[in-house]
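**Q**
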Amino acid sequence: MLTTGHFQLEQLDQMHQLVLKYSHLIKGMPNYTSIHAGGILITEKPIHYYSATSLPPKGYRTVQFDMHIAEDAGIHKFDILAQRGLGKIRDSIEIIKYNQPDATIANLQTDVKKFMLDPEINNMISQAKCIGCFYIESPAMRMLLSKLATNDYIGLVAASSVIRPGVAQSGMMREFILRTRYPEKRKEAHPIMQEIMPETYGIMVYQEDVIKVAHYYAKLDLAEADVLRRGMSGKYRSREEFQKVEQKYFKNCIDIGHDPKQTQEIWNQIKSFAGYAFAKGHSASYAVESYQSLYLKRYFPLEYMVATLNNGGGFYRPELYVHEAKMCGATIESPCVNHSDIANTIKGTSIYLGYSYLKELEKKTMIRIIEARHLNGVFKSLEDFIDRVLISIDQLALLIRIDAFRFTGIDRYELLWHAHFKLDKSPQKYIQNKLFVTEHQEASIPKLHTTALEMAYEQIELLGFPLCSHFDLLLEPPQNHYGRTEMIAHHNKMILMYGYVVNIKTTHTAKGKRMQFGTFLDINGDFFDTVMFPPVASKISFRGSGIYKIYGKVVEEFDFFSIEVHNMHKADYIQDPRYAEENPPQTMQRLEKQSNLRDRRMGNGNGYRKLELPLEKIKIHQPRVSRKSSKTD
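Sequential numbering from 1 applies to the sequence shown in full-length UniProt numbering.
1) For the candidate residues Val205, Thr519, Glu195 and Ile192, whose alpha-carbon lies nearest to that of residue 680?
2) Using the three-state DSSP reduction, which class does Phe533 fall into: helix, strand or coil?
3) Which residues mark the beginning and the end of the beta strand (DSSP E) in which Ser562 is found?
4) When you compare the segment 44–54 with the segment 91–98, are there three or more beta-carbon pairs, one atom per stretch, that lie closer than 8 Å?
5) With contact counted as at least three CB pairs below 8 Å, one residue from each stretch, are the segment 108–123 and the segment 320–330 in contact?
6) If I follow the unbroken alpha helix (DSSP H) through Leu396, where does it start and stop?
7) In the DSSP assignment, the beta strand (DSSP E) including Gly87 goes from what residue to what residue?
8) What separation, rounded to the nearest whole angstrom, lies between the Cα atoms of Gly39 and Lys27?
9) Run through the segment 267–355 for me and flag every whole alpha helix (DSSP H) of 4 or more residues, listed as ranges in chain order.
10) Excluding the 5 residues preceding and the 5 following Leu415 in the sequence, name in chain order all residues of the same chain whose CB lies nearer than 6 Å to its CB.
11) Would you identify the three-state DSSP class for Ile26, choosing helix, strand or coil?
12) Please list, in chain order, all residues of the same chain as Ala287 whose beta carbon is under 7 Å from its beta carbon, the five residues on each side excluded.
13) Distance, Cα to Cα, Ala37 vs Asp66?
14) For Val19, does the three-state DSSP call read helix, strand or coil?
15) Measure from the alpha carbon of Lys219 to the alpha carbon of each residue in Gly313, Asp255, Met197 and Gln194, then state which is nearest.
16) Hey, out of Ile177, Tyr355 and Thr308, whose CA is closest to Glu137's CA?
17) So what does DSSP say about Thr104, is it helix, strand or coil?
18) Does DSSP put Arg514 in a helix, a strand or coil?
19) Straight-line CA distance for Ala82 to Gly281?
20) How many angstroms separate the CA atom of residue 666 from the CA atom of Lys511?
21) Would you tell me roughly how many angstroms separate the C-alpha atoms of Glu289 and Thr43, rounded to the nearest one?
22) From the DSSP output, in three-state form, read off Gly546 for me.
23) Are Tyr498 and Arg578 close, meaning C-beta to C-beta below 8 Å?
24) What would DSSP say about Lys493, mapped onto helix, strand or coil?
25) Are the beta-carbon atoms belonging to Leu474 and Ala580 less than 8 Å from one another?
26) With DSSP as the reference, label Val389 as helix, strand or coil.
27) Following the continuous beta strand (DSSP E) through Asp79, name the residue where it begins and the one where it ends.
28) In terms of residues, what are the limits of the alpha helix (DSSP H) holding Leu156?
29) Going straight from the alpha carbon of Gly85 to that of Ala106, what length do you get?
30) If contact is defined by three or more beta carbon pairs under 8 Å, each pair taking one atom from either stretch, is the segment 465–474 in contact with the segment 540–550?
31) With a Cβ-Cβ cutoff of 8 Å, do residue 634 and Pro534 count as a contact?
32) Quick check: what's the CA-CA separation for Lys45 versus Arg229?
33) Label Phe78 either buried or exposed according to how many other C-beta atoms from any shown protein chain fall within 10 Å of its C-beta, with 16 as the threshold for buried.
34) Note down, in chain order, each residue of its chain lying with its Cβ closer than 8 Å to the Cβ of residue 656, except the 5 sequence neighbours on either side.
35) Measure from the alpha carbon of residue 651 to the alpha carbon of each residue in Val502, Ile35, Gln64 and Tyr60, then state which is nearest.
36) According to the Cβ coordinates, are Phe528 and Met487 closer than 8 Å?
Structural data, given as structure tokens:
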């Protein structure tokens, strides 16, 4: 009765009433202990002198108090965190060395100052062309860089801290942009604030700015100012020492003669962002790493994108980094038994996706393929592969379905039949080295044909994304081909655009109403952004991944263009031809033409045959390759 919520109080007995009473009292209280990721305590005495420990499922001995109690007890705490951006940089250098052995690579440790003066790299920052680059690739960060028109190291250091939530909450992000773009606005800063923070035009951006302001503006001593800084993390605010410092801040400002309204405004800024802001050294080191990644993306974009994918990507899902590599001139190849590895590899301008993208392919199968290839060279045929690699029919079917044997020139459907004939009746138990080449009896199989559309849906199922453009899969052709470049010409006008969803961020206004920010890819492969205010967000919802038809007004702020959405709905894709009974011939022919045109325009080569419509139904059933029942057209 209580779990359903459908009851009247008079229906409850005493026990149920007590459960209801005390459940309200404990609502919102912690109900389990969690682990501080990477938090390491260093103690002078054995840890059990300070606390009992527990051993959670992750296997790390864990104390029973948090970092604040540790500080009160005089225990040193360190945060030891991994940083995948460093892995991308390291791996990029190795990949460049084997893919471009004659290339000259700058020293990423000693040449950083040269990167900071490189106009090509600084233009990437000001134009927010930073996909894949450490810390500056998110939609919010790219928007900020565009608005600031940041084109130097000092500006990037400031932006790395300005993007933190506290500065935006204090209302000073917009003011910082104004003072950056319009020097006359800098005169509005308080003289003391301008004097102690000249690089940021009198605006608190870094964590230590709290100490500066408290010390120079409110005349607190440095120890008191540091109590103020630490207290802004939230959990210290109820402490007596923090409350005393807060009182002294206001008393000193009154004694000095500061304007009470300004004093309160500065206090509000401190309170809103100090717990979230970066220390300047933190921002500066982040900006150095950003420049290192920008250098690699500018001069070795394909190798850098491979390293990015191999290190788990970044802000976006892998599909978007595959897209970015394609936009940088790469030819994307699906996994191949003769060229791929577990991770992604590059040969010239061709990037071969790794076996790890095949979610159901077992690790032992991947290792056996690579070992057999290293031992006796590339595979010459499907039969040669079966003779040399111990593999089940289900695992082999995965490789055939993703076209990993396309070097044979034989269609996937034919290969599936051959694989079933060879392995279904006599599954392998072990591989035996042979002195002579085994002759295989060829089965008579009708000529079968895979269309690029069928291949695209196989890729979506097996890889999670197609290697063609999603726009090639639309059921109805787009009403226009507007992209990001057309938005400028439609400033303050209504526009209809098609966009493939990249990222959706839902937030709430001060009154608790829902609004959403969206990032999309246009039909040309460029990123663009949208905003959906509460009146529209209350009526329209996103319905998962896909292409959306977006109607709205093009708005601009600080030279950053976006679409204020008025209406939107999801566009339909053509039915999956592997399971659909029939698709209209006109749609198939239009998709064939559209796909070929875009392949030439975007460098979207992927090794697959062009989109073709079978002229007649084939009467033979496709071999079992998935749990779904299907027929081959």
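Idealized CB from N, CA, C, for every residue including glycine.
**A** For this structure:
1) Because the chain in this structure spans residues 1 to 633, residue 680 falls outside the shown range and cannot be described.
2) coil
3) Phe560 to Lys570
4) no
5) no
6) Ile393 to Arg401
7) Per DSSP, Gly87 belongs to no beta strand (DSSP E); it is in the alpha helix (DSSP H), Arg84 to Asn99.
8) 28 Å
9) 280–299, 301–310 and 318–327
10) Leu382, Ile400 and Phe405
11) helix
12) Tyr153, Leu156, Val157 and Ser160
13) 12 Å
14) helix
15) Asp255
16) Thr308
17) coil
18) strand
19) 18 Å
20) Nothing about residue 666 can be read from this structure; the chain reaches only from 1 to 633.
21) 33 Å
22) coil
23) no
24) coil
25) no
26) coil
27) His76 to Asp79
28) Tyr153 to Val162
29) 18 Å
30) yes
31) Beyond the ends of the chain as shown, which are 1 and 633, falls residue 634; an answer cannot be given.
32) 30 Å
33) exposed
34) The chain is shown from 1 up to 633; residue 656 falls before or after that span and cannot be answered.
35) There is no way to answer for residue 651, as the model of the chain reaches only from 1 to 633.
36) yes
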